[in-house]
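> Residue numbers (this note's numbering): 61 to 153. Ideal Cβ positions, reconstructed from N, Cα and C, are used throughout, including at glycine.
Here it is, written out as structure tokens:
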């Protein structure tokens, strides 16, 4: 996975996440929106409307929090949920 910051301010971050699709982007966006300090989280993967961009770009807006820290927290949440699912699956098998 390759990440490239395309815009960054104190309360907004846009980051290109190469090699990912709607599946991962929706999970990450959902995890971000569960955080109280995140006011908006969206992504775009439509190259026709994005001037030829082909990799998804995630945009995070926060209310007073560092958006990079919010992204890190959401990534940790996704990892923990994946491990919880794996444990539940193995216990059920």
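Residue range of the alpha helix (DSSP H) that residue 104 falls in?
To locate residue 104, count along the chain shown from 1; it is residue 44. DSSP places residue 104 in no alpha helix (DSSP H) but in the uninterrupted beta strand (DSSP E) bounded by 98 to 104.
> Which two residues bound the contiguous alpha helix (DSSP H) that contains residue 132?
Within the chain shown, the letter at position 72 stands for residue 132. Here the alpha helix (DSSP H) through residue 132 covers 127 to 152.
> Rounded to the nearest angstrom, what separates residue 103 and residue 151 at their Cα positions?
Residue numbering aside, residue 103 sits at position 43 when the chain shown is read from its first letter. Residue numbering aside, residue 151 sits at position 91 when the chain shown is read from its first letter. Distance between the alpha carbons of residue 103 and residue 151 is about 35 Å.
> Return helix, strand or coil for residue 69, following the three-state DSSP convention.
The sequence position of residue 69 within the chain shown is 9, counting from 1. Note: residue 69 maps to coil in three-state DSSP.
> Given this structure, state the Cα-to-Cα distance separating residue 95 from residue 73, to the nearest angstrom.
As a first step, residue 95 is located in the chain shown; it is residue number 35 there, counting from the start. As a first step, residue 73 is located in the chain shown; it is residue number 13 there, counting from the start. The alpha-carbon atoms of residue 95 and residue 73 are separated by roughly 15 Å.
> Between residue 129 and the rest of its own chain, which residues show a CB-CB distance below 8 Å, the 5 nearest in sequence each way excluded?
Start at 1 with the first residue of the chain shown, and residue 129 comes out as number 69. Excluding residues within five positions, none has a Cβ falling inside 8 Å.
> On the premise that residue 148 lies in contact with residue 88, defined as a C-beta separation below 8 Å, what is that separation, rounded to the nearest angstrom?
Counted from its first residue, the chain shown places residue 88 at position 28. Counted from its first residue, the chain shown places residue 148 at position 88. Not really, about 21 Å apart at Cβ, beyond 8 Å.
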